[in-house]
Each structure stands twice: as C-alpha cells, then as structure tokens.
Amino acid sequence: MKKTIAAAMLGLTALVAQPAAAETCGGVYTVKSGDSLSLIADRLYQDAGKWSVIHSRNIKKIGPKPNAIRVGMKLNMTCLNGLPVGLPGGKLISETKTVVAKPVEITKGDATIRHRINLLTADDFAPFTGKTLHNGGMMTDILNAAMEQADPEEGFAIHWVDLWTSHEEPLLSNALLDGGFPWYKLDCENNTTHPRCRNFEFSDPMFEVLVLMFTPKGRPISYTKDEDLFGKTFCRPQGYERHLFNERGRNWLKDGKVKVIQPLTTAECYQMVLDGQADAVVMNEFTGRAQLKEIGLDDKFDVVPEPISIQTLHVIIHKTHPEAKALLTMINKALGDIRENGTYQSIIEDHMARIWSEF
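First residue of the sequence shown: 101, per my numbering; consecutive thereafter.
Quick look at the structure:
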C-alpha cells in the first residue's frame, strides 16, 4: 500500500513539475461552419474591423472576394499585438515582440556608386516607404532584404529622390538609376498605351494591397456585383490613378457607369463625401485608414468589406536598360528566396503590427 501511495505521489509530483505550454501568437485557423472574416477577426483579434488583415494574408487562397471562405479552409493568421493566441503553428510570444522603430539611415553617395545596382524610391508613401518609418517602410525593408539575399558582386544602394514624378522620367528612362520601387502594376493587357505599361518591365509582386471604399456611417454601399456601383460618384485625390475603375475590361469610368472626382488632398475627399458630393472615398486600406485617423474622422466612416480592387506593388526597370532582364531575374529569385526562408513574412508581420497599432 505504501508503495502504491509513493508511486501515486511521484506521479503527482511529475505532473506538477511539467512546465506550462508556452503561449504562442498567430498560426493557422481552420474555417468552421458559419464563419466570416469579420466573425473570425472579432473572435481572434477582438476587433471585427481586422477582417482585412486576414484577407490580405490569405489573398491567394481566398481570392478577391472576402466572403469566399469555405469550411475546412486553413487560414494563416498574422500576429498582431499579441493576438491570436493558442493556434497551431504560431510563434512564441517572446519571438513576436516588436523592436523599437529604426528610421532609415541615408548616406551620401559618391562616384563609386555608379558601379553598383542603384535602386530608387521616395518619401511619404506610408506604410510602404518613408524616411521616418521603421527601416524606411515595409517595401524598403523587403527589397533591402531581397538584395542582401541576392548579394550582387557589384553591391547595391537605395536612393531617395522625393519627387515621385521624376522617377519614371527621366531618372529611370535614362538609366540614371537601375530600378524604382514600389510601383503599382496597371492592367497592362488592356492598357498597352499607358507609359508605364509601354516603357517598363515589372518584377514579381512585392506585396498585394486591398483598395477599399470608405463610406459615411449611415450611408453604406452594398457591393456584391458591378451593377451595385453603377451611378456612384467616387473620390480619389489628385495623383492617385483612376485606371482601377477600367481594369480587367470593366470600363466603368470609360463607359460613364461611375464618376470620379479628384480634389487636391485626401482630407478634401473625405469632407466631400460627408457633404454628399460623392458616395465613397477609394483608397488603399492603409493610406485610407491612416488619413482618416490623422484628420480625426475615423469614427464617422465605415469600410465596405469588399475590395474594389487588389493592387500589386513592384520594382520597375525601363525596357531600354541593357541589363533589364538580368536584374529582374535576380530580384525575382531573391524575392522568392526570402519568401521561402521566412524572412519575407517576418518583415511583413513586424510592419503590420506597427501599422495596426496606430489604427
């Protein structure tokens, strides 16, 4: 009897001595009956508005329509501010802590850089590029990691010229620099005459971003088919291209099915929508949300949970560049390599945590 009690006590001691399972963040969620991205976001992130985080992370699996999830589909969940916890495949919480933001260091060049691969970007395109953003922004961080992975013999440098309009012409057209980033790729199959389609080669996508409609609370837009948007007036600030309204042959703007107004600033756009001069502001989700918060109107707008477009960001190289094909091959391979070894997703999740903490 004593031996039995002793054995039981040993078993209890061993049980108590077992360390608690380390808590993890992110991982894989399996879609259940009745789920929607909003419900999943509400349950796992405690914020239904983070449905777009799940959509963006799984865009290739879900497709352009966020309601196209199916029971049994396995969705990769980004770790944001310590959530979600307890999913299979997650990272240890200790491994997901955001480091202090480090603005990009810009060094002066000299004549020796002429022999390097010289890449061009500009400020004020948050969260993708920006001198005060962590590591120069999400896309600067990604391309820098890719180039370090490629490790070209001649070396590389990233340059900042803040006049975006000078990039395509003349800086890249004259090969004064080798490539520029990040640039949207237009629907070039149906837009062959656009200068960017006619003159530039595109890398593989660096990132896919949802373009969403921001509508005033109390004046929602239901968008399940193209016809739902016919007759609407959209606002998009000057400098933001309108090609997305004609992409993939839908020709909404070209055929007069929708109208687009373009004031100088994003703030003017939001105010014009509130005043009833337009039905929605159309912006990529990050710029749209950031501008709303900056001007103090984030509590007056909702986001339509159906992207009006999905745009991809790329490195562009002028077709006349003598090494265009070789450079793109190198960049594409490096982008593939950092996706394969996990560097890409680590960078994306790091930046996403910073972005969403501000919203």
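C-beta: ideal position from N, C-alpha, C; glycine also. These numbers were taken from a predicted model, which means no experiment stands behind them.
In the DSSP assignment, M383 falls within the unbroken beta strand (DSSP E) covering 380-384. The beta-carbon separation of M173 and K161, rounded to 7 angstroms, stays under the 8 angstroms limit for a contact.
Under the three-state reduction of DSSP output, S409 falls in the strand class.
The three-state reading of DSSP puts P363 in coil, since its state is none of H, G, I, E or B. Within the same chain, Cβ atoms closer than 6 angstroms to the Cβ of A424 are found at E301, I417, the five residues on either side in sequence being excluded. For the set A275, E394, R296, W151, the Cα lying nearest the Cα of L286 is the one of R296. By the Cβ-count criterion, E449 is buried, with 16 or more other Cβ atoms from all chains shown falling within 10 Å of its own Cβ.
The beta carbons of F281 and T196 sit no closer together than 8 angstroms. Between the alpha carbons of T130 and P184 lies a gap of roughly 13 angstroms. Between the beta-carbon of C335 and that of M306 there is about 27 angstroms, and that puts the pair past the 8 angstroms contact cut. A residue is called buried once 16 or more other Cβ atoms fall within 10 Å of its Cβ, and Q411 is buried on that count.
Under the rule that a run must span 3 or more residues, the beta strand (DSSP E) segments found entirely inside the region 250-285 read 256-260, 279-284. L364 and P405 do not touch by the CB rule: their CB atoms are close to 29 angstroms apart, not below 8 angstroms. Taken through DSSP and simplified to helix, strand or coil, I447 comes out as helix. Residue burial annotation: K150 is buried, with at least 16 other C-beta atoms found within 10 angstroms of its C-beta. Here DSSP, grouped into helix, strand and coil, assigns F459 to coil.
Residue environment for V128: exposed (fewer than 16 other C-beta atoms within 10 angstroms of its C-beta). Secondary structure at L175: strand, using DSSP grouped into helix, strand and coil. Annotation for S322: D328 place their beta carbon closer than 7 angstroms to its own, counting only its chain and skipping 5 residues before and after.
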